[in-house]
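*Asks:* This is the structure, below, for whatever I ask next.
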Amino acid sequence: MSRAIVHMDLDTFFVSCVRLENPQLNGIPLIVGGGERGVVTSCSYEARYFGVRSAMPIRMAMQLCPQAKIVKGDMELFSKKSHEVTQIIEEHSPIVEKASIDEFYLDITGMDKFYGCYKWTNELIQTITKETGLPISFALSVNKTVSKIATGEGKPKGNLEIPQNKVQPFLNPLSIRKIPMVGEVTFNLLSRLGIRNIEKLSETPAEVLQSMIGKNGLELWKKANGIDNNPVEPYTERKSLSTEHTYLQDTIDIKKVASLILGMVEKLCYQARSEQWLVSTLSVKIRYANFDTENLQRKVAYTSCDHILGKLALELFNKLYNRRMRIRLVGVTFTGLVRGTYQINMFEDTEEMLALYQALDKMKKRYGFHAVGRADAILKVTQNQEKVLKTPFQSAAEETQK
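When we follow the working numbering, the leftmost residue of the sequence shown carries the number 60, and every step to the right adds one.
This is the structure in structure tokens:
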């Protein structure tokens with residue numbers, strides 16, 4: 060029996076949420092993002108007509124479409140609407156995987172025996188739109204890869220069905236860019252060899268692809284041939300990200316404690332970005348030598364940027380540590396998590412900051428977390444640095460802002 064895998068994708072999700080709050084924005088070119096030096100987080104189809112796209116610098120987008128209106132994103136709103144959609148899908152579907160804040164996979168294999176997979180999915184889509192006001196596209200096929208590609212091809216408000224016997228005819232004429240795992244480097248490499256559509260890629264021997272691009276070559280060949288056995292993984296929401304450090308010997312070296320906290324925040328932020336989480340609450344914990352434990356937390360606009368959360372962590376530690384007593388343990392916890400990438404919340408940051416985070420994460424992923432890091436998270440403080448320090452907290456916070 061063939062699998063029945065549905066991919067659902069909320070159409071221009073951020074734009075649609077903003078328009079629900081302000082219907083006067085309907086029908087006009089709309090950009091959700093930061094200021095003039097920021098990047099486009101999302102844009103309406105009216106803006107895309109002029110060449111505007113996600114991740115494009117705002118200043119370039121406005122040159123292409125000067126009549127567009129720029130609106131700052133509201134992660135509280137986005138999270139709320141995403142949760143509403145998730146609840147509806149979970150109430151109806153046996154197995155749901157929430158791939159991102161606006162994207163879902165459903166395994167409804169066997170539904171044909173009772174109702175009809177396509178009819179069931181179409182009615183669920185209508186229910187979502189009716190109850191939330193959000194437009195959503197879907198595609199039904201035999202695996203996650205084909206369903207995801209088909210959803211993109213059917214937008215906006217698409218509702219494609221690709222049965223097993225039509226998978227290859229559907230994939231063949233499409234650009235290899237349509238395969239989720241094909242990035243810019245892989246596309247350029249394959250293009251130089253004349254491999255630009257999926258049909259050509261599917262005909263290339265898997266061994267050749269492996270020799271060209273390494274271990275991912277076989278996986279790429281499978282996807283080009285419509286093969287994907289990856290299961291739909293049931294959706295479970297992570298509640299928190301946290302880390303603690305217990306000193307072998309209690310310490311009163313506050314400079315090193317402050318640097319350790321910054322290192323903890325950097326590590327947790329990298330984990331959050333890798334797993335596509337945004338954070339809304341940060342808490343810092345300290346335990347004194349006499350085992351007294353104190354915590355302090357603060358809400359923050361959804362983010363996963365260490366330059367924001369690091370500064371806040373040091374402010375909380377500065378308020379917590381007031382006994383002049385040796386410290387036994389320090390800890391940092393992120394809670395109030397929602398799905399999303401750190402680009403989403405860089406409404407106030409520049410494209411240079413976005414590029415910096417992308418470069419840092421790429422290096423860490425390739426060479427390991429400790430391959431590169433912020434100078435203010437290094438534990439050693441030289442004598443020259445000590446002369447410049449005003450207080451451990453002021454210095455570390457100022458460095459974090461840089």
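Glycine included, each C-beta is placed from N, C-alpha and C at the ideal position.
In this structure, does DSSP put residue 116 in helix, strand or coil?
*Replies:* Along the sequence shown, read from residue 1 onward, the residue named residue 116 stands at position 57. In this structure, residue 116 counts as strand in the three-state DSSP scheme.
*Asks:* Check whether the segment 330 to 345 touches the segment 186 to 195, counting contact only when three or more Cβ pairs, one atom from each stretch, lie closer than 8 Å.
*Replies:* no
*Asks:* Judging by CA-CA distance, which residue of 226, 204 and 313 is the nearest neighbour of residue 290?
*Replies:* Looking up residue 290 in the sequence shown gives position 231. Cα-wise, what sits closest to residue 290 is 204.
*Asks:* My understanding is that residue 113 touches residue 103, with C-beta atoms under 8 Å, so please give their C-beta distance in whole angstroms.
*Replies:* Numbered from its first residue, the sequence shown carries residue 113 at position 54. Numbered from its first residue, the sequence shown carries residue 103 at position 44. Actually they are not in contact, since the Cβ atoms of residue 113 and residue 103 sit about 11 Å apart, beyond 8 Å.
*Asks:* According to DSSP, simplified to helix, strand and coil, what is residue 328?
*Replies:* Working through the sequence shown from its first residue, we reach residue 328 at position 269. DSSP, read as helix, strand or coil, puts residue 328 in helix.
*Asks:* Do you know how far the Cα of residue 250 is from the Cα of residue 281?
*Replies:* Residue numbering aside, residue 281 sits at position 222 when the sequence shown is read from its first letter. Residue numbering aside, residue 250 sits at position 191 when the sequence shown is read from its first letter. Looking at the two C-alpha atoms, the distance is approximately 19 Å.
*Asks:* Counting beta carbon pairs with one atom in the segment 155 to 171 and one in the segment 118 to 128, are three or more of them shorter than 8 Å?
*Replies:* The segment 118 to 128 vs the segment 155 to 171: no contact.
*Asks:* Can you grab the Cα-Cα spacing for the pair residue 316 / residue 386, in whole Å?
*Replies:* As a first step, residue 316 must be located in the sequence shown, where it is residue number 257. As a first step, residue 386 must be located in the sequence shown, where it is residue number 327. Here the alpha carbons of residue 386 and residue 316 stand approximately 9 Å from one another.
*Asks:* Pull up the DSSP beta-bridge partners for residue 59, would you.
*Replies:* Because the chain is modelled from 60 through 461, residue 59 falls outside the range shown and cannot be assessed.
*Asks:* Answer with buried or exposed for residue 351, where buried requires no fewer than 16 other C-beta atoms within 10 angstroms of its C-beta.
*Replies:* For the purposes of this step, residue 351 is taken as residue 292 along the sequence shown, with counting starting at 1. Flag for residue 351 reads exposed.
*Asks:* Do residue 371 and residue 359 have their CB atoms nearer than 8 Å?
*Replies:* For the purposes of this step, residue 371 is taken as the residue at position 312 of the sequence shown. For the purposes of this step, residue 359 is taken as the residue at position 300 of the sequence shown. Going by C-beta atoms, residue 371 is nearer than 8 Å to residue 359.
*Asks:* Three-state secondary structure (DSSP) at residue 354?
*Replies:* Here residue 354 is taken as the residue at index 295 of the sequence shown, counted from 1. In this structure, residue 354 counts as strand in the three-state DSSP scheme.
*Asks:* Buried or exposed: residue 97, going by 16 or more other Cβ atoms within 10 Å of its Cβ?
*Replies:* Translated into positions along the sequence shown, residue 97 becomes position 38. Buried, since its Cβ has 16 or more Cβ neighbours within 10 Å.
*Asks:* Taking contact to mean at least 3 C-beta pairs separated by less than 8 Å, is the segment 81 to 95 in contact with the segment 169 to 178?
*Replies:* no
*Asks:* Can you pull the DSSP bridge partners for residue 128?
*Replies:* Here residue 128 is taken as the residue at index 69 of the sequence shown, counted from 1. BP columns for residue 128 point to 89.
*Asks:* By DSSP, does residue 360 sit in helix, in strand, or in coil?
*Replies:* Walking along the sequence shown from the start, residue 360 turns up at place 301. Residue 360: strand per DSSP, three-state reduction.
*Asks:* Can you tell me which residues form a DSSP beta bridge with residue 342?
*Replies:* In the sequence shown, the residue the question calls residue 342 occupies position 283. In DSSP, residue 342 forms a bridge with 356 and 392.
*Asks:* Identify which residue in 241, 245 and 222 has its Cα closest to the Cα of residue 171.
*Replies:* To locate residue 171, count along the sequence shown from 1; it is residue 112. The shortest Cα separation from residue 171 among 241, 245 and 222 belongs to 222.
*Asks:* Which value, in whole angstroms, describes the spacing of the CA atoms of residue 286 and residue 151?
*Replies:* Locating residue 286 in the sequence shown gives position 227, where the first residue counts as 1. Locating residue 151 in the sequence shown gives position 92, where the first residue counts as 1. Roughly 27 Å separates the two Cα atoms.
*Asks:* In the DSSP assignment, what are the bridge partners of residue 304?
*Replies:* For this step, residue 304 is matched to residue 245 along the sequence shown. Per DSSP, 389.
*Asks:* Under the rule that 16 or more other beta-carbon atoms within 10 Å means buried, what is residue 202, buried or exposed?
*Replies:* Taking the sequence shown and counting its residues from 1, one reaches residue 202 at position 143. Answer is buried; the Cβ neighbour count reaches 16.
*Asks:* Residue 459 to residue 326, Cα distance in whole Å?
*Replies:* In the sequence shown, counting from the first residue as 1, residue 459 sits at position 400. In the sequence shown, counting from the first residue as 1, residue 326 sits at position 267. Reliability of the predicted coordinates at residue 459 is poor, the pLDDT of 38 falling under 50, and the value obtained from them is presented with this limitation in mind. Rounded to whole angstroms, residue 459 to residue 326 spans 14 Å at the Cα level.
*Asks:* In this structure, what does DSSP give as the bridge partners for residue 250?
*Replies:* Residue numbering aside, residue 250 sits at position 191 when the sequence shown is read from its first letter. Note: residue 250 sits in no beta bridge, so no partner.
*Asks:* For the 8 Å Cβ check, are there 3 or more pairs between the segment 131 to 148 and the segment 382 to 398?
*Replies:* Output reads yes: the segment 382 to 398 touches the segment 131 to 148.
*Asks:* I need the DSSP call for residue 159, collapsed to helix, strand or coil.
*Replies:* Stepping through the sequence shown from its first residue, residue 159 is reached at position 100. It is a strand residue.
*Asks:* Would you identify the three-state DSSP class for residue 150, choosing helix, strand or coil?
*Replies:* Along the sequence shown, read from residue 1 onward, the residue named residue 150 stands at position 91. Looking at residue 150 - three-state DSSP - the assignment turns out to be helix.
*Asks:* Which value, in whole angstroms, describes the spacing of the CA atoms of residue 274 and residue 237?
*Replies:* As a first step, residue 274 is located in the sequence shown; it is residue number 215 there, counting from the start. As a first step, residue 237 is located in the sequence shown; it is residue number 178 there, counting from the start. For residue 274 and residue 237, the distance between alpha carbons rounds to 20 Å.
*Asks:* When we look at the beta-carbon of residue 132 and count the other beta-carbons within 10 Å, is it buried (16 or more) or exposed?
*Replies:* The residue you call residue 132 lines up with position 73 of the sequence shown. With 16 or more Cβ atoms within 10 Å of its Cβ, residue 132 is classed as buried.
*Asks:* Per DSSP, which one or two residues make a beta bridge with residue 398?
*Replies:* Here residue 398 is taken as the residue at index 339 of the sequence shown, counted from 1. Paired residue(s): 336.
*Asks:* Taking all protein chains shown into account, decide if residue 377 is buried (16 or more other Cβ within 10 angstroms of its Cβ) or exposed.
*Replies:* The residue you call residue 377 lines up with position 318 of the sequence shown. That one is buried.
*Asks:* Mapping DSSP to helix, strand and coil, what is residue 99?
*Replies:* Residue mapping note: residue 99 aligns to position 40 of the sequence shown, counting from 1. Of the three classes helix, strand and coil, the one that applies to residue 99 here is strand, per DSSP.
*Asks:* How would you write the range of the beta strand (DSSP E) that residue 377 sits in, first residue to last?
*Replies:* Translated into positions along the sequence shown, residue 377 becomes position 318. Not the beta strand (DSSP E): residue 377 falls in the alpha helix (DSSP H), residues 365 to 379.
*Asks:* Could you check the C-alpha separation between residue 77 and residue 265 for me, to the nearest Å?
*Replies:* For the purposes of this step, residue 77 is taken as residue 18 along the sequence shown, with counting starting at 1. For the purposes of this step, residue 265 is taken as residue 206 along the sequence shown, with counting starting at 1. About 45 Å.
*Asks:* Less than 8 Å between the CB atoms is what I'm expecting for residue 362 and residue 299, so what's the real figure, rounded?
*Replies:* Counting from one through the sequence shown, the residue named residue 362 turns up at place 303. Counting from one through the sequence shown, the residue named residue 299 turns up at place 240. Not really, about 16 Å apart at Cβ, beyond 8 Å.
*Asks:* Going by DSSP in three states, residue 220 sits in which element: helix, strand or coil?
*Replies:* In the sequence shown, counting from the first residue as 1, residue 220 sits at position 161. In this structure, residue 220 counts as strand in the three-state DSSP scheme.
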